[in-house]
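S.K.: Following this message is one structure expressed as structure tokens.
2 protein chains.
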Amino acid sequence: MSFLDQISEPTLLLNEQIARTNIRRMAEKAGRHNVRLRPHFKTHQSWQVGEWFREEGVTAITVSSVKMAQYFARHGWQDITVAFPLNRRQLPQITELAQQITLNITITSADDVVFLREQLSTPVNIWVKADTGYGRTGIRTEDTAALDAVLQELAQTPQHPFLGFLAHAGHTYKARNHESIAAIHHETLEKMRSLKERYAGTWPHLQLSVGDTPSCSVMEDFSGMDEIRPGNFVFYDLMQHLIGSCRLQDIAVAVACPVVALHPERNEVILYGGAVHFSKDALPQADGSVIFGLVVSLTENGWGAPLPDTAVVSLSQEHGVVRTSPKIFSQFKVGELVGVLPVHSCLTADLMKGYLTLAGERLEHLSAPV
Amino acid sequence: MSFLDQISEPTLLLNEQIARTNIRRMAEKAGRHNVRLRPHFKTHQSWQVGEWFREEGVTAITVSSVKMAQYFARHGWQDITVAFPLNRRQLPQITELAQQITLNITITSADDVVFLREQLSTPVNIWVKADTGYGRTGIRTEDTAALDAVLQELAQTPQHPFLGFLAHAGHTYKARNHESIAAIHHETLEKMRSLKERYAGTWPHLQLSVGDTPSCSVMEDFSGMDEIRPGNFVFYDLMQHLIGSCRLQDIAVAVACPVVALHPERNEVILYGGAVHFSKDALPQADGSVIFGLVVSLTENGWGAPLPDTAVVSLSQEHGVVRTSPKIFSQFKVGELVGVLPVHSCLTADLMKGYLTLAGERLEHLSAPV
Chain A
1 MSFLDQISEP TLLLNEQIAR TNIRRMAEKA GRHNVRLRPH FKTHQSWQVG
51 EWFREEGVTA ITVSSVKMAQ YFARHGWQDI TVAFPLNRRQ LPQITELAQQ
101 ITLNITITSA DDVVFLREQL STPVNIWVKA DTGYGRTGIR TEDTAALDAV
151 LQELAQTPQH PFLGFLAHAG HTYKARNHES IAAIHHETLE KMRSLKERYA
201 GTWPHLQLSV GDTPSCSVME DFSGMDEIRP GNFVFYDLMQ HLIGSCRLQD
251 IAVAVACPVV ALHPERNEVI LYGGAVHFSK DALPQADGSV IFGLVVSLTE
301 NGWGAPLPDT AVVSLSQEHG VVRTSPKIFS QFKVGELVGV LPVHSCLTAD
351 LMKGYLTLAG ERLEHLSAPV
Chain B
1001 MSFLDQISEP TLLLNEQIAR TNIRRMAEKA GRHNVRLRPH FKTHQSWQVG
1051 EWFREEGVTA ITVSSVKMAQ YFARHGWQDI TVAFPLNRRQ LPQITELAQQ
1101 ITLNITITSA DDVVFLREQL STPVNIWVKA DTGYGRTGIR TEDTAALDAV
1151 LQELAQTPQH PFLGFLAHAG HTYKARNHES IAAIHHETLE KMRSLKERYA
1201 GTWPHLQLSV GDTPSCSVME DFSGMDEIRP GNFVFYDLMQ HLIGSCRLQD
1251 IAVAVACPVV ALHPERNEVI LYGGAVHFSK DALPQADGSV IFGLVVSLTE
1301 NGWGAPLPDT AVVSLSQEHG VVRTSPKIFS QFKVGELVGV LPVHSCLTAD
1351 LMKGYLTLAG ERLEHLSAPV
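Written out as structure tokens, the structure reads:
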């Protein structure tokens, strides 16, 4: 009996072999460029998937919340960066964690440093969040007055060692080819190196941390960087494929969805699988429309290339609507399963709250720890 | 100490008084029009909120998945409609539920009826899903050949009683005023009544079930209908406000979010609160942009009107970016909480996995049953 026979509801399938290959490729690239791979675990949020990284020599990780840090600390990770602006309301949790592991906190202002100096007695390491052009948060690398002020406070806070500058060039997500990724990446590296030049006299051990999935996937120049922090690459998804970070066959997850209704008059198929399974993140199409996933046939060995002329064109809470061609339509049968490659695997994994590998093994997700 | 002092992470606040008022108003409207209120519980997915409906005399409910039906059956609900196309892969769960409660199943084809006749020995009641113009799923009310075929199969399936026709006029969600809602609503009623006329000779007890939140909120004509099934109205949200279903002060939920960073140079505020808390459902603005929430000040008594010129303008996995005016900007302080009224409360509640009432009581959500 295939593991597919046991699936009755939307289920997130994980091809372990593809994910492990993605991890190994990134670990080898980091090794080749002599940078530390501190992968972001917000994509998978699973201690079991974390073990696959450990087997590739990874010992330090990134997370995006204190809760995620607590979870991975429970599962043996001893060096964790919370790459999210310091949430002062979680001081008790931060204190407790800092007593257990090497905890690296990200700050975005001189005030944050004062807060940690005055309120946190247990040592943490401090990353200063630098904004290299993404414009979400962090201190703009051009804003030397603000940066000087932060580093002056850090100089008065020896109990919390200053690690260096951390940036996320999230604007690569707007890129659609190698050249655009390269332009953003090189500008980020240059801005980060200029920070090091400015402050290395006072802080000779200052480190630089970068690492979005597009840049880390396609670039081969990381000169001057100390670590990279990509996350999404473990699974990839349709957005990364659109950006140019991966091939479709590098996508390691697909949502298995039961077919529940057929509408031959408009070549539409209704899936049990909606916004509460995929998220509403949409993939822009050339014609201005958006799609919410591509459809693949499932076998017990996984899935193949997306079906041509076929996409998830709308989502409501539990329904997914697939539009296809008359020719492909006949392949859909009510009661059978199809797979859907997600637009944004991080959000899909967060919603699905667990994985089923092709070997039939259930892996947990932090959203629903076993 | 205020309950707000205990909040350190994004938390879904529920104003019980507003929700109860929303429930009572709808129950009174149903009573006035002599239709059964069979509320959709997919919005709140909480047995505790369910009790507030019970106190208003509600005894029959709607859900959108078998899992939700199981959950509410465990909490004492004895008459449940699964308003989602029959998922044949859940036959064992359906069988088990049908042995415990009055279970009403929605079918979309003659094949579905054959399947139930041949595969399901425990009786269920059957709703035939009618499409009155939404175009998602169900049989178009004009497609009398398909409807005749379904009813012929039902005539041969006396073990599973035919209840009648069920429609969801989801296209009211594209309305932006009372007139557009009214046009869709009246067309739906007319189409549903025509079905009853066509089949009442053979099926004199045939019922009609309709009920999206916009129509049920603003319409006062339900002639010929037997029941209404609105769901979202228990909480409402910014989308319903845009449609015209509610006032801003009828919105019963807000996400309390810690402020984690300030960017005075662009009047932007970074919240701990992102796509994994709100969902990516966006509210279109007059200028073609979209927003992901409106911001309110929080007190221990709840929240007031949204801050002027202030909105959540972008979301990443855990970050929310608020853009505001220079004047309002000064009200935001790192480490304090603000509230965010969600665009789509159903998806936000699904992601938040639980509620905190203004009395400090935690209520569960099916996504994370206690």
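The listed protein sequences derive, respectively, from chains A and B.
Take the first sequence: its position 329, counting from 1, is numbered 329 in my numbering, and each next residue is one higher.
Take the second sequence: its position 313, counting from 1, is numbered 1313 in my numbering, and each next residue is one higher.
No residue lacks a Cβ here, since even glycine has one placed at the ideal position from N, Cα and C.
Could you check how far apart the C-beta atoms of M68(A) and L366(A) are, in whole angstroms? I think they sit under 8 Å.
M.R.: Counting from one through the first sequence, the residue named residue 68(A) turns up at place 68. Counting from one through the first sequence, the residue named residue 366(A) turns up at place 366. Going by Cβ atoms, the distance from M68(A) to L366(A) rounds to 6 Å, so yes, they are a contact pair.
S.K.: Spatial neighbours of Q99(A) within its chain, please: CB distance less than 8 Å, with the 5 preceding and 5 following residues excluded, ordered by chain position.
M.R.: As a first step, residue 99(A) must be located in the first sequence, where it is residue number 99. Correct list, in chain order: T122.
S.K.: According to DSSP, is H160(A) helix, strand or coil?
M.R.: Within the first sequence, numbered from 1, the residue matching residue 160(A) stands at position 160. Correct three-state label for H160(A): coil.
S.K.: When the distance is taken between beta carbons, is H1040(B) closer than 9 Å to P1425(B)?
M.R.: Examination of residue 1425(B) is not possible in this model, given that chain B is present from 1001 through 1370 alone.
S.K.: Might you give, ordered along the chain, the residues of its own chain that have their beta carbon closer than 6 Å to the beta carbon of D1281(B), omitting 5 neighbours on each side?
M.R.: Locating residue 1281(B) in the second sequence gives position 281, counting from the first residue. Closer than 6 Å at the Cβ level, and outside the excluded window around D1281(B), lie V1343, H1344, L1347.
S.K.: Going by CA-CA distance only, name the one from I1126(B), S1215(B), E1197(B), G1076(B) that's closest to F1162(B).
M.R.: Sequence index remark: in the second sequence, residue 1162(B) carries index 162 (1-based). The shortest Cα separation from F1162(B) among I1126(B), S1215(B), E1197(B), G1076(B) belongs to I1126(B).
S.K.: Applying a beta-carbon distance threshold of less than 7 Å, which residues of chain A neighbour P1258(B)?
M.R.: Position 258 of the second sequence, counting from 1, holds the residue named residue 1258(B). Under the 7 Å cutoff, chain A gives N87, R89.
S.K.: Would H1185(B) and D1221(B) qualify as a contact pair, given that the criterion is a beta-carbon distance under 9 Å?
M.R.: Residue numbering aside, residue 1185(B) sits at position 185 when the second sequence is read from its first letter. Residue numbering aside, residue 1221(B) sits at position 221 when the second sequence is read from its first letter. Contact: yes.
S.K.: Would a check of beta-carbon distances place A311(A) closer than 9 Å to chain B?
M.R.: Position 311 of the first sequence, counted from the first residue, corresponds to residue 311(A). With 9 Å as the cut-off, A311(A) does not count as an interface residue toward chain B.
S.K.: Does the region 1265 to 1273 of chain B come close enough to the region 1353 to 1367 of chain B to have 3 or more Cβ pairs within less than 8 Å?
M.R.: They do not touch, by the three-pair rule.
S.K.: For G1293(B), count the other beta carbons within 10 Å of its own beta carbon; 16 or more makes it buried, fewer makes it exposed. Which is it?
M.R.: In the second sequence, the residue the question calls residue 1293(B) occupies position 293. Per the 10 Å Cβ criterion, buried.
S.K.: To the nearest angstrom, how far is it from the Cα of S1209(B) to the Cα of C1216(B)?
M.R.: Stepping through the second sequence from its first residue, residue 1209(B) is reached at position 209. Stepping through the second sequence from its first residue, residue 1216(B) is reached at position 216. Between S1209(B) and C1216(B), the C-alpha separation is close to 12 Å.
S.K.: Starting from K42(A), find everything on chain B with Cβ-Cβ shorter than 8 Å and list it in chain order.
M.R.: As a first step, residue 42(A) must be located in the first sequence, where it is residue number 42. Near K42(A) (Cβ distances below 8 Å), the residues of chain B are Q1317, E1318.
S.K.: So for W52(A), helix, strand or coil by DSSP?
M.R.: The residue given as residue 52(A) occupies position 52 in the first sequence. Helix, per DSSP.
S.K.: Determine the extent of the beta strand (DSSP E) in which I251(A) is found, giving its start and end residues.
M.R.: Here residue 251(A) is taken as the residue at index 251 of the first sequence, counted from 1. Per DSSP, I251(A) belongs to no beta strand (DSSP E) and is neither H nor E.
S.K.: Let me know the secondary structure DSSP gives K1353(B) once reduced to three states.
M.R.: By 1-based counting over the second sequence, the position of residue 1353(B) is 353. Looking at K1353(B) - three-state DSSP - the assignment turns out to be coil, as it is neither helix nor strand.
S.K.: To which residues of the same chain is Q78(A) closer than 7 Å at the C-beta, ignoring the five residues directly before and after it?
M.R.: In the first sequence, counting from the first residue as 1, residue 78(A) sits at position 78. Once the five neighbours on either side are set aside, the close Cβ partners of Q78(A) are I101, T102.
S.K.: Could you tell me whether any Cβ in chain B is nearer than 9 Å to the Cβ of Y272(A)?
M.R.: Walking along the first sequence from the start, residue 272(A) turns up at place 272. Yes, contact with chain B.
S.K.: Could you check whether the Cβ of S46(A) sits closer than 9 Å to any Cβ belonging to chain B?
M.R.: Locating residue 46(A) in the first sequence gives position 46, counting from the first residue. No, S46(A) lies away from the interface with chain B (no Cβ there is under 9 Å from its Cβ).
S.K.: Expressed to the nearest angstrom, what Euclidean distance is found between the alpha-carbon atoms of I1107(B) and R1089(B)?
M.R.: Numbered from its first residue, the second sequence carries residue 1107(B) at position 107. Numbered from its first residue, the second sequence carries residue 1089(B) at position 89. When rounded, the distance between both Cα atoms is 14 Å.
S.K.: Count the other CB atoms within 10 Å of the CB of K333(A); is the residue buried (16 or more) or exposed (fewer)?
M.R.: The sequence position of residue 333(A) within the first sequence is 333, counting from 1. Flag for K333(A) reads exposed.
S.K.: Using only alpha-carbon positions, find the residue among L1037(B), H1205(B), L1097(B) that is nearest to L1373(B).
M.R.: In the structure as shown, chain B starts at 1001 and stops at 1370, and residue 1373(B) therefore has no counterpart that could be examined.
S.K.: If the cut-off is 9 Å on Cβ atoms, which residues from the region 1160 to 1172 of chain B count as contacting chain A, listed in chain order?
M.R.: So the list reads G1170, given in the order they occur along the chain.
S.K.: Beta strand (DSSP E) containing T1108(B): first to last residue?
M.R.: Here residue 1108(B) refers to the residue found at position 108 of the second sequence. No beta strand (DSSP E) holds T1108(B); DSSP gives it neither H nor E.
S.K.: Counting Cβ pairs, one atom from each stretch, are 3 or more of them under 8 Å apart for the region 315 to 330 of chain A and the region 241 to 253 of chain A?
M.R.: With the cut-off at 8 Å, the region 315 to 330 of chain A and the region 241 to 253 of chain A do not touch.
S.K.: Find the residues of chain B that neighbour K67(A), judging by a C-beta separation of less than 9 Å, and give them in chain order.
M.R.: For this step, residue 67(A) is matched to residue 67 along the first sequence. Near K67(A) (Cβ distances below 9 Å), the residues of chain B are E1009.
S.K.: Per DSSP, what kind of secondary structure is L97(A) in: helix, strand or coil?
M.R.: Indexing the first sequence from 1 puts residue 97(A) at position 97. Three-state result, L97(A): helix.
S.K.: Using the rule of at least 16 other Cβ atoms within 10 Å of the residue's Cβ for burial, across every protein chain shown, is A1169(B) buried or exposed?
M.R.: Translated into positions along the second sequence, residue 1169(B) becomes position 169. A1169(B) should be labelled buried.
S.K.: Determine the direct distance from the alpha carbon of V290(A) to that of I1139(B), and round the result to whole angstroms.
M.R.: As a position in the second sequence, residue 1139(B) is number 139, starting the count at 1. As a position in the first sequence, residue 290(A) is number 290, starting the count at 1. Cα to Cα, I1139(B) sits roughly 26 Å from V290(A).
S.K.: Consult DSSP for W1077(B) and reduce its assignment to one of helix, strand or coil.
M.R.: As a working note, residue 1077(B) is residue 77 in the second sequence. W1077(B): coil per DSSP, three-state reduction.
S.K.: Measuring only between beta-carbons, confirm whether K1241(B) sits less than 9 Å from chain A.
M.R.: Taking the second sequence and counting its residues from 1, one reaches residue 1241(B) at position 241. Note on identity: in this sequence residue 1241(B) is His, with Lys being the wrong assignment. Not closer than 9 Å to any Cβ of chain A, the Cβ of H1241(B) fails to qualify, so no.
S.K.: On the DSSP bridge assignment, give the partners of P1214(B) in chain order.
M.R.: Looking up residue 1214(B) in the second sequence gives position 214. Its beta-bridge partners do not exist; DSSP assigns none.
S.K.: Give me the Cα-Cα distance between K1042(B) and V1066(B), rounded to the nearest whole angstrom.
M.R.: Stepping through the second sequence from its first residue, residue 1042(B) is reached at position 42. Stepping through the second sequence from its first residue, residue 1066(B) is reached at position 66. Whole-angstrom Cα-Cα distance: 11 Å.
S.K.: My parser needs the alpha helix (DSSP H) runs of 4 or more residues fully inside the region 271 to 315 of chain A; what are they?
M.R.: DSSP runs (the alpha helix (DSSP H)) wholly in the region 271 to 315 of chain A: 275 to 278.
S.K.: If you follow the alpha helix (DSSP H) that H185(A) is part of, which residue opens it and which one closes it?
M.R.: Taking the first residue of the first sequence as position 1, residue 185(A) is located at position 185. Segment 178 to 199, the alpha helix (DSSP H) holding H185(A).
S.K.: So is A261(A) in contact with chain B if we call contact Cβ pairs under 9 Å?
M.R.: One-based indexing of the first sequence puts residue 261(A) at position 261. At least one chain B Cβ lies under 9 Å of A261(A).
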